[in-house]
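Contents: one structure, followed by commentary.
In this note's numbering, the protein residues as written are 2 to 1198.
Written out as structure tokens, the structure reads:
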């Protein structure tokens, strides 16, 4: 037995080893370390196979069946099928088994095909050839055979086969350039660095002589974090230890660029690579419609049990009369008389359950899945959501939430890259209070708006010139920008074509840095390159200055700053630091802080992104102390990030302020129009950003989140310093509730003139205080008070937000007592947490990478596409699937309730009313395609009207079409129709209707008559609900009815040899040969459809929804033959005219006066419909439903 694991566990949990770190040791090239060092302990690691598939050949059947029968409807029908096999039931097991088999088979084939595609993709990756170094030679092998410790040769434009530590490069400086587009979508080139002591090994033979071990952390999914160290054994006794970080780690899936080749050692393989660890599935999100379906299913299950109980009781009441229990023609056997009563009751109850089980629509789930899957293609095929600049359209990562797009109440959006373009342009810089505008000098003249500013050729005074140049040098040195020759670069790049100078481009993962370096170039200081660890600058005098790069203190979202330590040619050490004003000002001890702060605040109000720049000089001894502290932190395997943060915090102190910069991030095209439309649709928009308050507020005004008449409420650190948080919250609460009392803006429209328009601004520090539980009893309600304030604000801006705080806000709103449906949209890795937290997550394919798009439910190129996705696609999806769900339950009530009534006329003998084929094919064939097609292409209102009038979105808000009132209406309608079917046919037969040859109709003819009326009624009901007719609708609806007739003629017109008995022989043809039967069918169909038609007409006239008003208007316009170019002013109804006089001014809450333009008009003429676009309390009653099959062989009495 291997005791090492036991020993390690004892050390970890019992020996007080609190700081135990789980790490691995890797032997480069599988070479044993020199004697006298740690023992060589080979470790076993997984191979390099990637497995994204879910099943194998051997476990597909059991695993897939287990997953499918976890669904309650499938499990229920499995139980019914088993009951039919075990006991004597009125219907054959085929009636339940065949539909269940069909559902299971279709789902299994779909999932099996998808998994086969995954297997195929896996094999293509796993069998890809790679080159490794063995015994000083290059050997080719398959990717799946790579092992941890192998040395790999990767050539230019090749993809890294696993996670590697970079050893050496064909470039002399030991660097390589990599794109990580397949990991995070960033197509910009990133620079990685070889290990300092191995970068000189350039040939296969030299690399094979490396004798070293790597100690690193065990695999974890964070793409941007890696902690390790390499111990290099040379001639000396002690190995040389060097730190390893994310800058040395080459990730699987990334691609080598602009580098001839590199050598690297394998550290993580197969499913332990960071890319594979990021494949883990997200938590399953369920839509409100799916929850309603499951609730209704439970209701119908209760109805089913009630029916079975009633019939069981009535059977024994019926049989209490001995003449009925044992008539003279059917005496019982002795075994039947002696049978246990309880067993008989249970058997009869189960038999009735089987007889009525078709009320549960098992096929509804399959149909809903097909509708979601096929419907998702309408988003990806939408040309309006295609971005020509990116060359991409919208993506659907999950189709389970299509209808949820029509239920959004809260939209949480990032600012940078989502509302703005994330395309930075340098505007100005401020040095000691002097403002410098680059464009004014580049154009050789002072531009409009620059009068009164100091230009770079105007001397700021004695000593100012030196500080000015130091500021420019700081921005040319404090960055991570790479310089590339333009022709050698592929990917996103920023051109910088200097007049008459070398053609090169700046590339960086941060567009801010590129903008700043370009701005400095326009002001006379050009960053040239990083060569041999020296940064070169071309100053105004065309002299090249060289600075040795000593240390880079990388940027992180906690510090919100970055620094570099450089050594000048004169031997002086400088620390240059740039970052957010909130992280720089507290660390400054000298400089013109007030002047710079004033300019920063001015630029922030203008909506510009600001950064502050500071520096300090370091003595030789101070630098050596700093270097030692940083290296100690870098070598730590445990808590490296924490130790580095402490070291950086200690170093970045006592700074001298130089100045600040201003960069513009322009608003995205139609961002303001999109937010305004979302507001009119009843959605509340929150902006969650890490920017400072003034910058974010200016952007919110620009994109119309805040209006000029919006009363801004501030819940910020500045205010809570003046008052306690408790007092501030209660003051704000009194303010927002003063005018609307206990009503919130959810009940009073957010666009009303009667209710003041409030906007709330909160920062991250105050939010933490609000969310933080305290021991004070008075603080327990802070979160509720905050939520109450937010509910009464039309818009909220959260600034200085950390990524985790964004997710906390989304969760707080999502779990509030109203349980609103939330949507989060962002473009960066810092938005992933809120995207995953929201009910619906949407990623923008932006310049900050594709992490947001990869982790989202949907991805769109630009923010403006959100408008159509919600107002059009979301609206349609919800309308369609709600009709599908309601229709499915309705048609199954129509189907099975006559069977329930029939038991009262056949002595509760469990005699089926319908033939076996009809029971089986009702949901599979006769009524399935029309509702599926309806749920895919129905358009109750033209999509252009939905975009032009966002208030129509309010008609379907809060799951209005699947509320209990509408569900009960559909159920009662189904009961009414079933009663008409059954008793209409019953009274027809009560008159002893004879055929032309004198033969009387029997029970199977009776059932066939009821079934015929049933199929025609439910199909015509759907036809009446259809607003958008195409040739496909006509083909499917009338084709389904024709198929039923043809099938019935064939089923009853031919003697089928595979049937033991054939009850339906000549039944259908005999029924059609009777004139009264034809009359009865037509009459019963008409009577069944009349109530629903009357209800629709009355509701359209008295309580029309906004969509119905538009439909009426369009029909009116067609009746008066409106020409293609004529305005609709002549076709307004008297009602609309009178309402126009009553409400001449449009109000923001009630009946909005909107301009509507029909899509088929060629001109721009329009007419105003006041009442057509009003918000109605009553939701649209058109809902949909779809159900799976019943089945059925019947046994005779």
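Where is the CB? At the ideal position from N, CA and C, for every residue including glycine.
Here the structure is a predicted model, which is why all the values come from computation and not from measurement.
8 Å Cβ shell around residue 619 - same chain, five flanking residues per side excluded: The residues are 566, 574, 575, 576 and 627.
Cβ-based burial, residue 1047 [other Cβ within 10 Å; buried from 16]: With fewer than 16 other Cβ atoms within 10 Å, it is exposed.
Range covered by the beta strand (DSSP E) that runs through residue 213: It spans 213-218 - the beta strand (DSSP E) in which residue 213 sits, taken as one unbroken run.
Same chain, Cβ closer than 8 Å to residue 718, neighbours up to 5 away in sequence not counted: Closer than 8 Å at Cβ, skipping near neighbours: 764, 766 and 767.
Beta-carbon proximity list for residue 149, same chain, < 7 Å, skipping 5 on both sides: Once the five neighbours on either side are set aside, the close Cβ partners of residue 149 are 27, 46, 267, 268 and 270.
Three-state secondary structure assigned by DSSP to residue 49: When secondary structure is reduced to three states using DSSP, residue 49 falls in the coil class, being assigned neither helix nor strand.
Cβ neighbours of residue 1066 in the same chain (closer than 7 Å, five flanking residues each side left out): Here residue 1066 has 1053 and 1056 as same chain residues with Cβ atoms under 7 Å from its own Cβ, once five neighbours each way along the sequence are excluded.
C-beta contact flag for residue 198 and residue 166 at 7 Å: No. Outside cutoff.
Rounded separation between residue 272 and residue 192 - CA only: Cα to Cα, residue 272 sits roughly 26 Å from residue 192.
Exposure of residue 1103, with buried meaning 16 or more beta-carbon neighbours within 10 Å: The residue in question, residue 1103, is exposed, as its Cβ has fewer than 16 Cβ neighbours within 10 Å.
Buried/exposed call for residue 137, threshold 16 Cβ in 10 Å: Exposed, by the Cβ-count rule.
Own chain partners of residue 604 with C-beta closer than 6 Å, once the 5 adjacent residues on each side are dropped: Closer than 6 Å at Cβ, skipping near neighbours: 611 and 663.
Burial state of residue 96, where buried means 16 or more other Cβ atoms lie within 10 Å: Its Cβ being crowded by 16 or more others within 10 Å, residue 96 is buried.
Cα-Cα separation between residue 724 and residue 181, rounded to whole angstroms: Between residue 724 and residue 181, the C-alpha separation is close to 48 Å.
Simplified DSSP assignment, three categories, for residue 611: Strand.
Helix, strand or coil at residue 551 according to DSSP, with G and I counted as helix: Here residue 551 carries a strand assignment [DSSP, helix/strand/coil].
Distance CB(residue 956)-CB(residue 1108) smaller than 7 Å: Yes, they are a contact pair.
Beta strand (DSSP E) runs contained entirely in the segment 401-433, provided each spans 3 or more residues: Whole beta strand (DSSP E) segments, 3+ residues: 411-414 and 421-432.
Residue burial classification, residue 818 (beta-carbon count within 10 angstroms, cutoff 16): Residue 818 should be labelled exposed.
Of the listed residues 408, 910 and 586, nearest to residue 654 (C-alpha basis): Taking only the C-alpha atoms, the option nearest residue 654 is 586.
Complete runs of the alpha helix (DSSP H) confined to the segment 787-859 [at least 4 residues]: Runs found: 804-815, 833-838 and 852-856.
Distance, residue 582 Cα to residue 875 Cα: Spanning the two alpha carbons is a distance of roughly 42 Å.
Test item: CB-CB of residue 924 and residue 364 under 7 Å: For residue 924 and residue 364, yes; Cβs fall inside 7 Å.
Residue environment, residue 276, which counts as buried when at least 16 other CB atoms sit within 10 Å: By the Cβ-count criterion, residue 276 is buried, with 16 or more other Cβ atoms from all chains shown falling within 10 Å of its own Cβ.
Pick from 785, 467 and 354 that is closest to residue 541, judged by C-alpha positions: Across the set 785, 467 and 354, the C-alpha of 467 shows the shortest separation from the C-alpha of residue 541.
Continuous beta strand (DSSP E) assignments of at least 3 residues falling wholly in the segment 507-548: You should have 527-532 and 535-539.
Residue environment, residue 820, which counts as buried when at least 16 other CB atoms sit within 10 Å: Residue 820 should be labelled exposed.
Check whether residue 1254 and residue 23 have beta carbons under 7 Å apart: No statement about residue 1254 is possible, as the shown extent of the chain runs from 2 to 1198 and does not include it.
Cα-Cα separation between residue 855 and residue 382, rounded to whole angstroms: Computed Cα separation, rounded: 19 Å.
Beta-carbon proximity list for residue 596, same chain, < 8 Å, skipping 5 on both sides: A distance below 8 Å between beta-carbons, with the five flanking residues on each side excluded, links residue 596 to the following residues of its chain, in chain order: 431, 433 and 434.
Residues bridged to residue 135 (per DSSP): DSSP output for residue 135 lists 138 as bridge partner(s).
Cβ-based burial, residue 1145 [other Cβ within 10 Å; buried from 16]: The predicted position of residue 1145 is uncertain, since its pLDDT is 40 and thus under 50; no value can be drawn from it.
Residue 1070 versus 1026, 593, 1115 and 1005, residue with shortest Cα-Cα distance: Checking every option, the nearest Cα to that of residue 1070 belongs to 1005.
Per DSSP, the bridge partner or partners of residue 636: Among the bridge pairs identified by DSSP, residue 636 is matched with none.
In DSSP terms, what residue 262 is bridged to: According to DSSP, which records beta bridges pairwise, residue 262 is partnered with 156.
Touching by the beta-carbon criterion (3+ pairs, under 8 Å), the segment 860-871 and the segment 910-930: Not touching, per the Cβ criterion.
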